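K.L.:
Sharing a structure with you now.
There are 4 protein chains.
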Amino acid sequence: MSNSEWINDLINDHDAPTMSDKQRKILEAAIDTFSEKGFAASSTSEIAKKAGVAEGTIFRHFKTKKELLLAIVTPTVAKFVAPFFIKSFAKEVFESEYEHYEDFIRVIAKNRLEFVRKQFPVLKIFIQEIAFHDELREPFQKLFTEHVYQKFKKIIEHFQEKGEIVSLPPETIMRMTASSIIGYILPRFLLFSDKEWNDEKEIDQIVSFIMYGLTGKR
Amino acid sequence: MSNSEWINDLINDHDAPTMSDKQRKILEAAIDTFSEKGFAASSTSEIAKKAGVAEGTIFRHFKTKKELLLAIVTPTVAKFVAPFFIKSFAKEVFESEYEHYEDFIRVIAKNRLEFVRKQFPVLKIFIQEIAFHDELREPFQKLFTEHVYQKFKKIIEHFQEKGEIVSLPPETIMRMTASSIIGYILPRFLLFSDKEWNDEKEIDQIVSFIMYGLTGKR
Amino acid sequence: MSNSEWINDLINDHDAPTMSDKQRKILEAAIDTFSEKGFAASSTSEIAKKAGVAEGTIFRHFKTKKELLLAIVTPTVAKFVAPFFIKSFAKEVFESEYEHYEDFIRVIAKNRLEFVRKQFPVLKIFIQEIAFHDELREPFQKLFTEHVYQKFKKIIEHFQEKGEIVSLPPETIMRMTASSIIGYILPRFLLFSDKEWNDEKEIDQIVSFIMYGLTGKR
Amino acid sequence: MSNSEWINDLINDHDAPTMSDKQRKILEAAIDTFSEKGFAASSTSEIAKKAGVAEGTIFRHFKTKKELLLAIVTPTVAKFVAPFFIKSFAKEVFESEYEHYEDFIRVIAKNRLEFVRKQFPVLKIFIQEIAFHDELREPFQKLFTEHVYQKFKKIIEHFQEKGEIVSLPPETIMRMTASSIIGYILPRFLLFSDKEWNDEKEIDQIVSFIMYGLTGKR
DNA sequence: GATGAATGAGCATTCATTCAT
DNA sequence: CATGAATGAATGCTCATTCAT
Chain H
1 MSNSEWINDL INDHDAPTMS DKQRKILEAA IDTFSEKGFA ASSTSEIAKK
51 AGVAEGTIFR HFKTKKELLL AIVTPTVAKF VAPFFIKSFA KEVFESEYEH
101 YEDFIRVIAK NRLEFVRKQF PVLKIFIQEI AFHDELREPF QKLFTEHVYQ
151 KFKKIIEHFQ EKGEIVSLPP ETIMRMTASS IIGYILPRFL LFSDKEWNDE
201 KEIDQIVSFI MYGLTGKR
Chain Z
1001 MSNSEWINDL INDHDAPTMS DKQRKILEAA IDTFSEKGFA ASSTSEIAKK
1051 AGVAEGTIFR HFKTKKELLL AIVTPTVAKF VAPFFIKSFA KEVFESEYEH
1101 YEDFIRVIAK NRLEFVRKQF PVLKIFIQEI AFHDELREPF QKLFTEHVYQ
1151 KFKKIIEHFQ EKGEIVSLPP ETIMRMTASS IIGYILPRFL LFSDKEWNDE
1201 KEIDQIVSFI MYGLTGKR
Chain S
2001 MSNSEWINDL INDHDAPTMS DKQRKILEAA IDTFSEKGFA ASSTSEIAKK
2051 AGVAEGTIFR HFKTKKELLL AIVTPTVAKF VAPFFIKSFA KEVFESEYEH
2101 YEDFIRVIAK NRLEFVRKQF PVLKIFIQEI AFHDELREPF QKLFTEHVYQ
2151 KFKKIIEHFQ EKGEIVSLPP ETIMRMTASS IIGYILPRFL LFSDKEWNDE
2201 KEIDQIVSFI MYGLTGKR
Chain Y
3001 MSNSEWINDL INDHDAPTMS DKQRKILEAA IDTFSEKGFA ASSTSEIAKK
3051 AGVAEGTIFR HFKTKKELLL AIVTPTVAKF VAPFFIKSFA KEVFESEYEH
3101 YEDFIRVIAK NRLEFVRKQF PVLKIFIQEI AFHDELREPF QKLFTEHVYQ
3151 KFKKIIEHFQ EKGEIVSLPP ETIMRMTASS IIGYILPRFL LFSDKEWNDE
3201 KEIDQIVSFI MYGLTGKR
């Protein structure tokens, strides 16, 4: 199985097979509403109206409003970090065609951008609410530190040993890499989603920036 | 007037001279509460209690809850972008000791970090709420596009002409610069504020990253 | 047929032969719940869960929640007063071995205590709810005034004619007799059901009290 | 100070001086409603309507519906047992004109009957709800066992030593005394409050019954 | 007959805001 | 200027009951 395959696999929506029609409608309406007004400013009555169900129906499927939030956010966040979750992730990277750090982050970036494009409303909710709900922050922090961070770290160390990238602490490398990519994605979808974007080209530029900075000496 | 002077000038709290004791207490309590729970999830009665005033007193000073939000956020945001607001800003940069883009962003970064340290709760509120309130977003967008962006653009073009930085669109350069810095500041205060940070050194690393990337070929 | 026989007959559970398994489980669960939390504070969904049936099943067997209450309370109350209901009741008493009022109330007391022991939860529900439901109070009042009261009255008059008890109005005699007995039974089950009780002895004391008061001059 | 004086003193409504007009109206409406339909079946909106206030006003004065219940019931129950609460209670009894147990319970009975007449709705609520609320039962049990029971016990022992009443356990004597009186009061107000009652005469009969039973040998 | 999803009225409680004092 | 009682709409959630399967 080639890299592109297993990555794509994780992205596809193979979940929610047990979800009823109403349940899906409620989730959609809730995503809409939370995303637009924020969790605390959204009322369950509005969500019910938008979903075309009675208010009581929401609470038959989700015990509380907060549980509805978690039902929206958890699977998407899980899928977002899923590629890093795979056991063989780091190994695959080393043995793969990704000869350079550059290639690696380019693939990750393009692939995760695709995911963000599809799931932006949910990710927006996540970003907004993670600051206020322990039930959201704690599992995510665990997920991140125990899996994403560990795997990413090994990969960085691998390329540092190859002498390809500087010897800063891996978390610093990670932060720089991540914030450069996120610094594109966030405004792209949050502030200027109506603008036309050539994502392919932008990502190439960002990757280039990550590797060589702004001086252009490459 | 040297650069350091006018910058410091803008930071100092020369405002709020007309504010009564109660008013200040209300603002402090509101910052606390909004920052901790978010605007929508904070109740005016809780703020009143925390401020040690009667519920009605808040509405004597701020017509609505939203006006209270604006009263908190507006002056701080204004001060945050103030350096770019000054007419002579760009000119000063060109003629100043900042021979290199590197020096320029280093000063900006350190200086704005200082500001963020002091004002983080307010800026957190701003970041959280800008997505939901037109009254917040519109003036800020105007401020940004008409002043900050324009000035920053000129500066970038200046250094591009000097051949110091690559010929990407100025907004791309800006985004890369900004997100590298913000990508340090945000986690630093939002997620790991209890950790000990050597900000001076971190910023030097970030500036170096912005200029030369991760390859270390410099 | 001796007295003890017909009395025992009425107590035995010869009813509910047409009741399905589910129906019985629902009734049991409802008795549990109503008794513990009161009728109004009990929810049908909780009862359904406790009974191990679907929410809808309750309403297949009992049109409304109130009908469920009546189905619980009515047969038990009927059985409680049943001894007084029997046509030959008074006559049997006169011709029976009960030479004295004392013997009569002793048998009734012991016998009804036995019944209360078995059915306390249901009787508790009855006592709690009779004040609030006309559907409960009216048939009971009718039952009581037309049967229990009439029969009891004749018995009291019988013993008054024999000069065995004072010539107060029969209802006063009845009230004194009843409240002395009930004044034992109620706290015994309601407040101190965990304490060990020697019911036999207690009833003897109560009967003695009813007959001779507290002076002990007998 | 004669006995009748200190007893009357305790009965009079010297409380609630700090209660606002609205607060009193809410309490009255709540007593009405709770008494008529029971606590759980009463809605705060109905109480608000009956009291002529907004629903929110109820919750400004009483944090929860249950607190409203306690605010109604606690002071009345306290006043009901107040006579037994007084330090000198037992001593006064011994040295007083109450030469006989009979006189003592006659005064108590008449006096408490008067109280019940005025406060019946509240006492009805208490009786109904004590079974379901620990917050109600626990303080009352404490009050009763630590004060009422102790004092009453001493008085009973006093008259037992005088050879005036039988040597049953004091709590049995108490139960018999109390249930005879309560057995009059409860039906009198609960079931037949519309009937005309000669309370004076009835109580004399009850006291006589308590002392001498139904045989009339006195 | 039994289920349990669906309903929408109703619930206790909270809210931002007003206004008489 | 400050208060805090009063408001009534709105909130998240529960309820008894219905009905298609």
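Residue numbers (the working numbering), protein chains in the order written: chain H, 1 to 218; chain Z, 1001 to 1218; chain S, 2001 to 2218; chain Y, 3001 to 3218. Each residue gets a CB set at the ideal place from its N, CA and C atoms; glycine is no exception. Being a predicted model, the structure only gives us computed values, none of them experimental.
Looking at the structure shown, is residue 100 of chain H part of a helix, part of a strand, or coil, going by DSSP?
P.N.:
The residue you call residue 100 of chain H lines up with position 100 of the first sequence. In this structure, residue 100 of chain H counts as coil in the three-state DSSP scheme.
K.L.:
Name, please, each residue of chain H whose Cβ falls closer than 8 Å to the Cβ of residue 1180 of chain Z.
P.N.:
Walking along the second sequence from the start, residue 1180 of chain Z turns up at place 180. Going along chain H in sequence order, the residues near residue 1180 of chain Z (Cβ under 8 Å) are 176, 179, 180, 183.
K.L.:
What are the residues of the region 2027-2046 of chain S that lie near chain Y, defined by any Cβ-Cβ distance shorter than 7 Å?
P.N.:
Correct list: 2037, 2038, 2040, 2041.
K.L.:
Of the choices Z:1177, Z:1128, Z:1153, Z:1062, whose alpha-carbon is the least far from that of residue 1023 of chain Z?
P.N.:
Reading the second sequence from its first residue, position 23 is the one you call residue 1023 of chain Z. Comparing Cα-Cα distances from residue 1023 of chain Z to each of Z:1177, Z:1128, Z:1153, Z:1062, the minimum goes to Z:1062.
K.L.:
Can you give me the Cβ contacts of residue 2055 of chain S inside the same chain, cut-off strictly under 7 Å, excluding the 5 residues immediately before and after it?
P.N.:
Indexing the third sequence from 1 puts residue 2055 of chain S at position 55. Excluding positions up to five away in sequence, the list reads 2044, 2045, 2048.
K.L.:
Leaving out the 5 sequence neighbours to the left and right, which residues in its chain are closer than 6 Å to residue 2069 of chain S when beta-carbon positions are compared?
P.N.:
For the purposes of this step, residue 2069 of chain S is identified with residue 69 of the third sequence, where counting begins at 1. Closer than 6 Å at the Cβ level, and outside the excluded window around residue 2069 of chain S, lie 2039.
K.L.:
Under a Cβ-count criterion, where at least 16 other Cβ atoms within 10 Å of its own Cβ denotes burial, should residue 1161 of chain Z be classed as buried or exposed?
P.N.:
Working through the second sequence from its first residue, we reach residue 1161 of chain Z at position 161. By the 10 Å Cβ count, residue 1161 of chain Z comes out exposed.
K.L.:
When burial is assigned at 16 or more other CB atoms within 10 Å of the CB, is residue 1104 of chain Z buried or exposed?
P.N.:
Here residue 1104 of chain Z corresponds to residue number 104 of the second sequence, with the count starting at 1. Looking at its Cβ environment, which holds 16 or more other Cβ atoms inside 10 Å, residue 1104 of chain Z is buried.
K.L.:
Helix, strand or coil for residue 1031 of chain Z, going by three-state DSSP, please let me know.
P.N.:
Translated into the one-based positions of the second sequence, residue 1031 of chain Z becomes position 31. Reduced to three states, the DSSP call for residue 1031 of chain Z is helix.
K.L.:
Report the rounded CA-to-CA distance for residue 164 of chain H versus residue 100 of chain H, giving the unit in angstroms.
P.N.:
In the first sequence, the residue the question calls residue 164 of chain H occupies position 164. In the first sequence, the residue the question calls residue 100 of chain H occupies position 100. Their backbone Cα atoms lie some 7 Å apart in a straight line.
K.L.:
Please return the same chain residues whose Cβ sits closer than 7 Å to the Cβ of residue 3014 of chain Y, not counting the five positions on each side in sequence.
P.N.:
The count along the fourth sequence starts at 1 and reaches residue 3014 of chain Y at position 14. Confidence at residue 3014 of chain Y is low in this model, with a pLDDT of 43, below 50, so the placement of that residue is unreliable and no value is reported for it.
K.L.:
List the endpoints of the continuous alpha helix (DSSP H) containing residue 2214 of chain S.
P.N.:
In the third sequence, the residue the question calls residue 2214 of chain S occupies position 214. Unbroken run through residue 2214 of chain S: none, as it is neither H nor E.
K.L.:
Pairs of beta-carbons, one from the region 1123-1133 of chain Z and one from the region 1193-1203 of chain Z, closer than 8 Å: are there three or more?
P.N.:
Taking 8 Å as the limit for Cβ pairs, the verdict is that the region 1193-1203 of chain Z does not touch the region 1123-1133 of chain Z.
K.L.:
Anyone know if the C-beta pair for residue 26 of chain H and residue 58 of chain H falls short of 9 Å?
P.N.:
Locating residue 26 of chain H in the first sequence gives position 26, where the first residue counts as 1. Locating residue 58 of chain H in the first sequence gives position 58, where the first residue counts as 1. Going by C-beta atoms, residue 26 of chain H is nearer than 9 Å to residue 58 of chain H.
K.L.:
Exposed or buried, which one is residue 1035 of chain Z when buried takes at least 16 other CB atoms within 10 Å?
P.N.:
To locate residue 1035 of chain Z, count along the second sequence from 1; it is residue 35. By the 10 Å Cβ count, residue 1035 of chain Z comes out buried.
K.L.:
For residue 3173 of chain Y, which residues in chain S fall below 7 Å Cβ to Cβ?
P.N.:
As a working mapping, residue 3173 of chain Y is identified with position 173 in the fourth sequence. Under the 7 Å cutoff, chain S gives 2214.
K.L.:
Can you tell me whether residue 152 of chain H is buried or exposed, with buried defined as 16 or more other CB within 10 angstroms of its CB?
P.N.:
By 1-based counting over the first sequence, the position of residue 152 of chain H is 152. So residue 152 of chain H counts as buried.
K.L.:
Roughly how many angstroms separate the alpha carbons of residue 3067 of chain Y and residue 1133 of chain Z, rounded to a whole number?
P.N.:
The residue you call residue 3067 of chain Y lines up with position 67 of the fourth sequence. The residue you call residue 1133 of chain Z lines up with position 133 of the second sequence. The straight-line gap from Cα to Cα measures roughly 39 Å.
K.L.:
So the candidates are Z:1156, Z:1142, Z:1149, Z:1074; which of them puts its Cα closest to the Cα of residue 1119 of chain Z?
P.N.:
Here the question's residue 1119 of chain Z lines up with position 119 in the second sequence. Among Z:1156, Z:1142, Z:1149, Z:1074, the Cα nearest to that of residue 1119 of chain Z is on Z:1074.
K.L.:
Which of the residues in the region 2049-2071 of chain S, read from start to end, lie with their CB under 8 Å from any CB of chain Y?
P.N.:
Listed by position along the chain: nothing, the set is empty.
K.L.:
With a floor of 4 residues, list each alpha helix (DSSP H) that falls wholly inside the region 139-201 of chain H, ordered by position along the chain.
P.N.:
Within the region 139-201 of chain H, the complete alpha helix (DSSP H) runs of at least 4 residues are 149-161, 170-190.
K.L.:
Just curious, the alpha helix (DSSP H) that residue 2133 of chain S is in, first and last residue?
P.N.:
Within the third sequence, residue 2133 of chain S is the residue found at index 133, counting from 1. Per DSSP, residue 2133 of chain S belongs to no alpha helix (DSSP H) and is neither H nor E.
K.L.:
With DSSP as the reference, label residue 2058 of chain S as helix, strand or coil.
P.N.:
One-based indexing of the third sequence puts residue 2058 of chain S at position 58. DSSP places residue 2058 of chain S in helix when its eight states are reduced to three.
K.L.:
In chain order, what residues of the same chain lie with their CB nearer than 7 Å to the CB of residue 3174 of chain Y, ignoring the 5 residues before and after it?
P.N.:
The sequence position of residue 3174 of chain Y within the fourth sequence is 174, counting from 1. Hits under 7 Å: 3152, 3156.
K.L.:
Taking residue 1150 of chain Z as the query, report the chain H residues whose CB atoms sit under 8 Å from its CB, ordered along the chain.
P.N.:
Reading the second sequence from its first residue, position 150 is the one you call residue 1150 of chain Z. Here the premise fails: no neighbours, minimum Cβ distance about 17 Å.
K.L.:
Since residue 187 of chain H meets chain Z, which of its residues come closer than 8 Å, beta carbon to beta carbon?
P.N.:
Residue mapping note: residue 187 of chain H aligns to position 187 of the first sequence, counting from 1. Simply 1175.
K.L.:
Counting only Cβ pairs nearer than 8 Å, list the residues of chain Z close to residue 128 of chain H.
P.N.:
For the purposes of this step, residue 128 of chain H is identified with residue 128 of the first sequence, where counting begins at 1. Residues of chain Z passing the Cβ test: 1128, 1131.
K.L.:
At 7 Å on the CB atoms, spell out the chain S contacts of residue 3209 of chain Y, in chain order.
P.N.:
Walking along the fourth sequence from the start, residue 3209 of chain Y turns up at place 209. Correct list: 2176, 2213.
K.L.:
Using Cβ-Cβ distances below 8 Å, what residues of the region 1152-1166 of chain Z are close to chain H?
P.N.:
If the cut-off is 8 Å between Cβ atoms, the region 1152-1166 of chain Z has 1164, 1165, 1166 near chain H.
K.L.:
Please classify residue 3192 of chain Y as buried or exposed, where buried requires at least 16 other C-beta atoms within 10 Å of its C-beta.
P.N.:
Within the fourth sequence, numbered from 1, the residue matching residue 3192 of chain Y stands at position 192. That one is exposed.
K.L.:
Output the boundary residues of the alpha helix (DSSP H) element that contains residue 2048 of chain S.
P.N.:
Mapped onto the third sequence, residue 2048 of chain S falls at position 48. Unbroken alpha helix (DSSP H) run through residue 2048 of chain S: 2044-2051.
K.L.:
Can you find a CB in chain Z that lies within less than 9 Å of the CB of residue 225 of chain H?
P.N.:
Within the shown structure, residues of chain H are numbered from 1 to 218, placing residue 225 of chain H beyond reach of any answer.
K.L.:
Do residue 81 of chain H and residue 148 of chain H come within 9 Å of each other at the CB atom, strictly closer than that value?
P.N.:
In the first sequence, counting from the first residue as 1, residue 148 of chain H sits at position 148. In the first sequence, counting from the first residue as 1, residue 81 of chain H sits at position 81. The answer is yes: Cβ separation under 9 Å.
K.L.:
Just checking my contact of residue 3211 of chain Y with residue 2215 of chain S at CB under 8 Å: how many whole Å lie between their CB atoms?
P.N.:
If you number the fourth sequence from 1, residue 3211 of chain Y lands on position 211. If you number the third sequence from 1, residue 2215 of chain S lands on position 215. Confirmed, Cβ separation roughly 5 Å.
K.L.:
Considering just the uninterrupted stretch of the alpha helix (DSSP H) at residue 3074 of chain Y, what are its terminal residues?
P.N.:
The count along the fourth sequence starts at 1 and reaches residue 3074 of chain Y at position 74. Start and end: 3065-3085.
K.L.:
When you compare only the Cα positions, how much space is there between residue 3102 of chain Y and residue 3207 of chain Y?
P.N.:
Reading the fourth sequence from its first residue, position 102 is the one you call residue 3102 of chain Y. Reading the fourth sequence from its first residue, position 207 is the one you call residue 3207 of chain Y. Approximately 6 Å, taken between the alpha carbons.
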